[in-house]
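The structure appears below as structure tokens.
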Amino acid sequence: MVSSDLRGQAAREIHAVLPDRADDLARLQLIADGGVPVVTVVGKYNHGKSSLLNELLGQQAFAVSDKRETVVLAHSVQQGVRWLDAPGLDADVGSEDDRHAFEAVWLHADIRLFVHAAKEGELDARERALLADLLDDDERSARQTFFVLTQADQLADDEELDWVHAALAAQCKEVVWRAVSSTRHRKGQEGGKSLLVERSGIPALLASVRNALDRVPQARAHEAARLSDGIRAALSEHRAAQAALLDTLRASQQRQRADFDRGLKVVIGKAGVDIEAMLNALGTDHAIVPDSAKDRYASTAGKRERAHLQIAYSRACIAIDGFLAGHGIIELPSEQRTAASSINSVMIAVLGISVKFRKDLRRMFCEAPGRERMQRDFTHYYELSVGRKALSQRIIDVDAALSAADSALDALNTLIAST
Ligand SMILES: Nc1nc2c(ncn2[C@@H]2O[C@H](COP(=O)(O)OP(=O)(O)O)[C@@H](O)[C@H]2O)c(=O)[nH]1
Ligand SMILES: [Mg+2]
19 MVSSDLRGQA AREIHAVLPD RADDLARLQL IADGGVPVVT VVGKYNHGKS SLLNELLGQQ
79 AFAVSDKRET VVLAHSVQQG VRWLDAPGLD ADVGSEDDRH AFEAVWLHAD IRLFVHAAKE
139 GELDARERAL LADLLDDDER SARQTFFVLT QADQLADDEE LDWVHAALAA QCKEVVWRAV
199 SSTRHRKGQE GGKSLLVERS GIPALLASVR NALDRVPQAR AHEAARLSDG IRAALSEHRA
259 AQAALLDTLR ASQQRQRADF DRGLKVVIGK AGVDIEAMLN ALGTDHAIVP DSAKDRYAST
319 AGKRERAHLQ IAYSRACIAI DGFLAGHGII ELPSEQRTAA SSINSVMIAV LGISVKFRKD
379 LRRMFCEAPG RERMQRDFTH YYELSVGRKA LSQRIIDVDA ALSAADSALD ALNTLIAST
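Using this note's numbering, read the sequence shown as starting at 19 and increasing by one per residue.
Dropping the structure here:
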């Protein structure tokens with residue numbers, strides 16, 4: 019047995035993944051919680067909604083007034099049915115009243131009484147839109163709406179009532195309107211006049227509502243199945259999209275890395291070949307001969323060679339640096355930076371500023387361990403570059419979204435376990 023708390027938690031998990039389905043989810047949760055059947059009225063102010071409910075209930079449960087009376091969702095539980103008196107519809111759209119009416123009709127109600135005062139004749143635009151939405155929803159959800167023409171006693175005679183029926187039928191021919199008069203019903207009951215009670219239309223309407231109430235369990239089962247199928251389909255679709263995205267991102271992460279590895283190897287290899295050729299062309303090693311004090315301002319063979327080596331080294335560095343920049347490796351990761359911004363380059367961090375001796379150049383560029391170290395160290399900084407880190411974070415996020423979709427699918431089973 020799944021508790022209401024667990025269902026609430028399950029609903030929140032699904033909602034986190036599918037915020038657009040909040041309304042369907044709330045309704046599904048309500049059905050799963052399995053409260054008593056709910057009947058609500060819906061319609062404009064002063065069209066006799068509260069009076070109608072009172073007559074159906076056989077007691078003055080709701081306030082009746084010529085002014086805007088019902089501003090919150092009033093309810094009365096009678097014989098295992100919850101009756102909701104919703105505020106009128108002609109409040110400003112988006113107002114608090116409106117939200118209550120909306121919740122009553124779309125979230126809480128199993129059965130809805132669409133109320134329209136007979137003397138008004140045709141429906142206005144807002145009523146027509148609501149009527150259309152209700153008919154659609156009845157069809158989809160198996161909830162039931164009764165269309166009630168109230169205050170029928172305010173029409174002069176049956177002929178006028180026929181005119182109203184005709185006008186309404188011209189607006190929407192699918193709808194069967196049930197004319198009622200709460201006032202007649204009240205008078206008939208108080209005066210013990212059964213004919214008046216009968217003619218009020220209230221007993222017939224009540225019988226239909228009772229009939230529909232008996233069918234609420236089946237209707238809810240149908241609605242729950244439809245809602246959960248819809249939510250499951252949306253979750254599966256979302257999950258599939260995340261899985262596909264994850265595959266794409268991982269593939270591009272691997273491809274980028276493979277391109278980088280290959281390209282860097284080529285650049286380092288070429289630098290090695292150039293340096294090797296240059297070193298091989300040199301004769302006697304002058305670089306290792308230290309300069310004496312008297313050579314301070316003289317151009318010695320040693321100095322010239324060291325300058326030569328440094329230039330070759332710089333050329334290799336520039337080639338590598340160009341490659342790194344092309345792959346988004348611009349500077350050191352922030353935690354590694356120093357105050358001297360000029361040396362915050364990955365190039366300098368890996369290779370150092372200068373090389374003076376042949377053996378150092380050879381070790382770095384012409385021997386396998388040196389080249390492998392360079393490859394490894396530059397790759398390390400590559401993975402720390404802004405673009406690469408953003409990509410791996412993206413992958414982590416999408417992976418999390420995928421897990422959330424999986425949990426939401428499990429949560430859906432928890433939510434509907436009792437429906
Ligand atoms: N003549 C007549 N007046 C009614 C009837 N039902 C309600 N009224 C009156 O219409 C006004 C509004 O009724 P109410 O039930 O409060 O309407 P609501 O705003 O839609 O809830 C009140 O003055 C009621 O007395 C009816 O069947 N016949
Ligand atoms: Mg009212």
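Cβ atoms here follow ideal geometry from the backbone N, Cα and C, with glycine treated the same way.
Of the heavy atoms belonging to ligand 2, none sits nearer than 7 Å to the Cβ of K191.
Counting every other CB atom within 10 Å of its CB across the protein chains shown gives T58 a total of 16 or more, marking it as buried. When DSSP states are grouped into helix, strand and coil, R273 belongs to the helix group. With fewer than three CB-CB distances shorter than 8 Å, the stretch 31–42 does not count as touching the stretch 182–196. Look at D171: its beta carbon is less than 7 Å from one of the heavy atoms in ligand 1. Of all C-beta pairs linking the stretch 387–404 to the stretch 279–296, three or more are shorter than 8 Å, placing the two stretches in contact. Listed in chain order, the alpha helix (DSSP H) elements of length 4 or more contained wholly in the stretch 101–174 are 114–120 and 143–159. Burial check for E114: the Cβ neighbour count within 10 Å stays below 16, so the residue is exposed. By DSSP's assignment, G61 forms a beta bridge with V133. When DSSP states are grouped into helix, strand and coil, A358 belongs to the coil group.
Along the stretch 325–355, the beta strand (DSSP E) does not occur as any fully enclosed run of 3 or more residues.
Of the other Cβ atoms in all chains shown, fewer than 16 fall within 10 Å of the Cβ of P235; this residue is therefore exposed. Residue burial annotation: Y400 is buried, with at least 16 other C-beta atoms found within 10 angstroms of its C-beta. In the DSSP assignment, V95 falls within the unbroken beta strand (DSSP E) covering A92 to Q96.
Contact annotation, L427 with R250: C-beta distance approximately 7 Å; criterion of less than 8 Å satisfied. L48 and A160 have their C-alpha atoms spaced approximately 16 Å apart. Shown here for Q207: same chain residues with a beta carbon closer than 7 Å to its own, the five before and five after excluded, namely V215 in chain order. Residue pairing from DSSP places R196 in a beta bridge opposite V166.
Exposed is the label assigned to H398, since fewer than 16 other Cβ atoms lie within 10 Å of its Cβ. Here the C-alpha atom of L350 lies approximately 16 Å from the C-alpha atom of C335.
E31 counts as buried, since at least 16 other C-beta atoms from the protein chains shown sit within 10 angstroms of its C-beta. Judged by DSSP in its simplified three-state form, V56 adopts strand. Annotation for N431 indicates a beta carbon at 7 Å or more from all heavy atoms of ligand 1. The beta carbon of D309 sits closer than 7 Å to those of T318, G320 and K321, all from its chain and outside the five residues before and after it, given in chain order.
Between V227 and F165, the gap from beta carbon to beta carbon reaches 8 Å or more.
In the structure shown, V215 falls within a helical segment according to DSSP collapsed to helix, strand and coil. Under the DSSP assignment, S363 falls outside any alpha helix (DSSP H); it carries neither an H nor an E label.
Nearest in C-alpha terms to Q354, of all of L402, L420 and R333, is L402. Beta bridge pairing from DSSP links V99 with Q96. If you check the C-beta of N64 against ligand 1, you find a heavy atom less than 7 Å away.
For R376, the three-state secondary structure derived from DSSP is helix. Here the distance from the Cβ of S68 to the nearest heavy atom of ligand 2 is below 7 Å. A direct Cα-Cα distance of roughly 29 Å separates A239 from I220.
Secondary structure note for Y399: its alpha helix (DSSP H) is the uninterrupted segment A386 to E401. Taking a cut-off of 8 Å for Cβ pairs, the stretch 381–391 and the stretch 291–299 touch, as three or more such pairs fall below it. Looking at the backbone, the Cα of L74 and that of V60 are separated by about 15 Å.
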